Each structure stands twice: as C-alpha cells, then as structure tokens.
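Those letters in the sequence shown? Residues 2 to 63, by my numbering.
C-beta atoms are modelled at their ideal positions from N, C-alpha and C, and glycine is treated no differently.
Only a predicted model underlies this, so the values are computations on that prediction, with no experimental measurement involved.
Below: the structure, in structure tokens.
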Amino acid sequence: MTGTELFLPPGAAATLTASCKSAVDKGESWVGYNWEPSYVTENYDMALLKEPEYTEERWNNG
Numbered sequence: 002m003t004g005t006e007l008f009l010p011p012g013a014a015a016t017l018t019a020s021c022k023s024a025v026d027k028g029e030s031w032v033g034y035n036w037e038p039s040y041v042t043e044n045y046d047m048a049l050l051k052e053p054e055y056t057e058e059r060w061n062n063g
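Okay, structure coming up:
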C-alpha cells in the first residue's frame, strides 16, 4: 500500500498522468494537484504555484 489508496479511487493516478501527458503532447498548459515523488513530477517540468496563506476569512469568502 502506497498511501494514495486512502485518497484516490482506483485508476485516479493513471487518469491524472494521462491528462498531464496529453496536455504536454499538445503543447498546452496543465494545472492540477499532484504529490512527490510521482511519475508526473519526475518526468515533466512542473512549477509549484504559490498560494496565499490559509486564513478562515479566505476560506469563508473565497
């Protein structure tokens, strides 16, 4: 068990990888959530997007 089974339904990791690969093959941007290490983070040039720090106000008001 890798631990991802607790959060992802069967096949979700493969679908995520296929989605990313398809975008890369077309020269398109791709935004998604992933973990490290993984096939996607090891084989594609990924950039970590910066997000504002969590606050209750941001969570409640978007």
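Whose CA, out of the options, lies closest to the CA of residue i?
| i | options | result |
| --- | --- | --- |
| Asp46 | Ser30, Trp60, Pro53, Glu54 | Ser30 |
| Pro50 | Val41, Lys27, Gly33 | According to the sequence as given, residue 50 is Leu; it is not Pro. Cα-wise, what sits closest to Leu50 is Gly33. |
For residue i, report the span of its alpha helix (DSSP H) as first-last.
| i | result |
| --- | --- |
| Glu58 | 57-62 |
Taking Cβ to Cβ, would you say residue i is nearer than 7 Å to residue j?
| i | j | result |
| --- | --- | --- |
| Val41 | Thr16 | no |
Could you pull out every unbroken alpha helix (DSSP H) segment of at least 4 residues lying fully inside the segment 6-51, listed in chain order? 13-27, 40-44
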